[in-house]
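Here is the structure we will look at.
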Amino acid sequence: MPVIKRNFIPGVFQDPATKEIELVFQPKVTIFIKIGDILYPFKIDAYVDSGAVRNLFPADPLKYFNIKLNNGRKRIHYGIGDKEVISYTHNVQILIDKFRINTEIDFSIKH
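According to my numbering, the sequence shown is numbered sequentially starting from 688.
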(Lines of atoms letter the chains of each structure in order from A and count residues from 1; the text may use other names and numbers.)
(Lines give C-alpha, C1' and ligand atoms only; values in the text may rest on other atoms or scores of the structure.)
Protein backbone atom coordinates (compact mmCIF):
# COMPACT_ATOMS: atom_id res chain seq x y z
CA MET A 1 0.00 0.00 0.00
CA PRO A 2 1.40 3.45 -0.90
CA VAL A 3 2.32 5.86 1.88
CA ILE A 4 1.43 9.55 1.69
CA LYS A 5 3.65 11.76 3.85
CA ARG A 6 2.67 15.27 4.94
CA ASN A 7 3.93 17.70 7.55
CA PHE A 8 1.55 18.69 10.31
CA ILE A 9 -0.04 22.08 9.66
CA PRO A 10 0.20 24.68 12.42
CA GLY A 11 -3.08 26.12 13.64
CA VAL A 12 -4.34 28.33 16.44
CA PHE A 13 -6.45 26.69 19.15
CA GLN A 14 -8.34 28.38 21.98
CA ASP A 15 -9.09 26.27 25.01
CA PRO A 16 -12.85 26.69 25.63
CA ALA A 17 -12.43 26.42 29.41
CA THR A 18 -9.38 28.62 30.04
CA LYS A 19 -9.61 30.79 26.90
CA GLU A 20 -5.84 30.37 26.51
CA ILE A 21 -4.59 30.43 22.94
CA GLU A 22 -1.91 28.04 21.77
CA LEU A 23 -0.28 26.88 18.57
CA VAL A 24 -1.04 23.26 17.72
CA PHE A 25 0.17 21.17 14.83
CA GLN A 26 -2.78 19.51 13.12
CA PRO A 27 -2.64 16.37 10.98
CA LYS A 28 -4.32 17.51 7.76
CA VAL A 29 -4.14 16.39 4.16
CA THR A 30 -5.32 18.36 1.13
CA ILE A 31 -7.89 16.42 -0.87
CA PHE A 32 -10.41 16.87 -3.65
CA ILE A 33 -13.66 14.95 -3.95
CA LYS A 34 -15.50 13.68 -6.98
CA ILE A 35 -19.07 12.42 -7.20
CA GLY A 36 -19.86 10.59 -10.41
CA ASP A 37 -17.94 12.39 -13.15
CA ILE A 38 -18.06 15.80 -11.45
CA LEU A 39 -15.04 17.15 -9.58
CA TYR A 40 -15.63 19.55 -6.68
CA PRO A 41 -13.35 22.45 -7.74
CA PHE A 42 -12.30 23.53 -4.24
CA LYS A 43 -9.56 21.89 -2.22
CA ILE A 44 -10.48 20.53 1.20
CA ASP A 45 -7.97 20.47 4.03
CA ALA A 46 -9.21 17.35 5.80
CA TYR A 47 -8.18 16.28 9.28
CA VAL A 48 -6.56 12.89 9.56
CA ASP A 49 -8.14 11.15 12.54
CA SER A 50 -6.54 7.80 13.23
CA GLY A 51 -9.38 6.91 15.62
CA ALA A 52 -12.16 7.60 13.15
CA VAL A 53 -14.08 4.79 11.51
CA ARG A 54 -16.09 7.03 9.14
CA ASN A 55 -15.39 10.07 6.93
CA LEU A 56 -17.39 13.02 8.32
CA PHE A 57 -17.56 16.20 6.22
CA PRO A 58 -19.66 19.37 6.13
CA ALA A 59 -22.59 19.31 3.71
CA ASP A 60 -21.37 22.30 1.64
CA PRO A 61 -19.92 20.28 -1.29
CA LEU A 62 -23.30 18.63 -1.92
CA LYS A 63 -24.77 22.04 -2.80
CA TYR A 64 -22.22 22.34 -5.61
CA PHE A 65 -23.21 18.91 -6.93
CA ASN A 66 -26.90 19.84 -6.57
CA ILE A 67 -27.44 16.76 -4.41
CA LYS A 68 -29.90 16.89 -1.53
CA LEU A 69 -28.24 16.02 1.76
CA ASN A 70 -30.95 13.61 2.86
CA ASN A 71 -30.78 11.64 -0.42
CA GLY A 72 -28.03 9.63 1.26
CA ARG A 73 -28.36 6.90 3.88
CA LYS A 74 -29.02 8.37 7.31
CA ARG A 75 -26.37 7.67 9.93
CA ILE A 76 -25.95 8.90 13.49
CA HIS A 77 -22.49 9.67 14.87
CA TYR A 78 -21.68 10.25 18.51
CA GLY A 79 -18.97 12.76 19.26
CA ILE A 80 -17.26 13.99 22.36
CA GLY A 81 -19.67 13.90 25.28
CA ASP A 82 -21.95 11.56 23.30
CA LYS A 83 -23.21 14.53 21.26
CA GLU A 84 -25.42 13.19 18.47
CA VAL A 85 -24.56 14.23 14.91
CA ILE A 86 -26.93 13.22 12.10
CA SER A 87 -25.29 12.68 8.72
CA TYR A 88 -26.12 11.21 5.34
CA THR A 89 -23.80 8.82 3.51
CA HIS A 90 -22.91 9.37 -0.16
CA ASN A 91 -20.50 7.46 -2.41
CA VAL A 92 -17.54 9.58 -3.50
CA GLN A 93 -14.05 9.40 -4.82
CA ILE A 94 -11.32 11.10 -2.76
CA LEU A 95 -8.33 12.38 -4.74
CA ILE A 96 -4.99 12.83 -2.97
CA ASP A 97 -2.14 13.64 -5.32
CA LYS A 98 -2.19 10.85 -7.93
CA PHE A 99 -4.23 8.49 -5.73
CA ARG A 100 -7.97 7.83 -6.18
CA ILE A 101 -9.93 6.27 -3.32
CA ASN A 102 -13.50 5.07 -3.83
CA THR A 103 -15.23 5.43 -0.47
CA GLU A 104 -18.21 6.85 1.39
CA ILE A 105 -18.46 10.25 3.07
CA ASP A 106 -21.00 11.07 5.75
CA PHE A 107 -22.09 14.67 5.11
CA SER A 108 -23.69 16.70 7.88
CA ILE A 109 -24.83 20.26 8.54
CA LYS A 110 -23.80 19.84 12.19
CA HIS A 111 -20.37 18.30 12.23
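Think of the CB as a built atom: it goes at the ideal place given N, C-alpha and C, for glycine as much as any other residue.
Hey, residue i and residue j are a contact pair by Cβ (cut 8 Å); roughly how many whole angstroms apart?
| i | j | result |
| --- | --- | --- |
| Phe700 | Val711 | 5 Å |
| Ile783 | Ile691 | 6 Å |
| Ile754 | Ile722 | 7 Å |
When you compare each of the options to residue i by their alpha carbons, which one comes out closest?
| i | options | result |
| --- | --- | --- |
| Asp793 | Ile722, Arg741, Pro697, Phe786 | Arg741 |
| Ile763 | Ile722, Gly698, Lys797, Lys785 | Lys797 |
| Thr776 | Lys785, Leu749, Asn753 | Leu749 |
| Val779 | Pro714, Ala733, Asp736, Tyr727 | Tyr727 |
| Phe695 | Asp736, Glu707, Lys706 | Asp736 |
| Arg693 | Ala746, Tyr734, Ala704, Tyr751 | Tyr734 |
Which residues in the same chain as residue i place their Cβ atom closer than 7 Å to its Cβ, once the five residues preceding and following it in sequence are excluded?
| i | result |
| --- | --- |
| Ile781 | Ile718, Ile720, Ile788, Thr790 |
| Ser774 | Leu743, Arg762, His764, Asp793, Phe794, Ser795 |
| Ala746 | Leu756, Phe794, Ser795, Ile796 |
Give me whichever residues DSSP pairs with residue i in a beta bridge.
| i | result |
| --- | --- |
| Phe712 | Pro697 |
| Lys721 | Leu726, Gln780 |
What residues in its chain sit with their C-beta under 6 Å from that of residue i, if we drop five residues either side in the sequence?
| i | result |
| --- | --- |
| Phe744 | Ile792, Phe794 |
Could you name the residues of the same chain whose beta carbon sits closer than 8 Å to that of residue i, not counting the 5 residues immediately before and after it, in chain order?
| i | result |
| --- | --- |
| Lys730 | Thr717, Ile718, Phe719 |
| Gly738 | none |
| Phe786 | Pro689, Ile691 |
| Gly698 | Leu710, Val711, Phe712, Gln713 |
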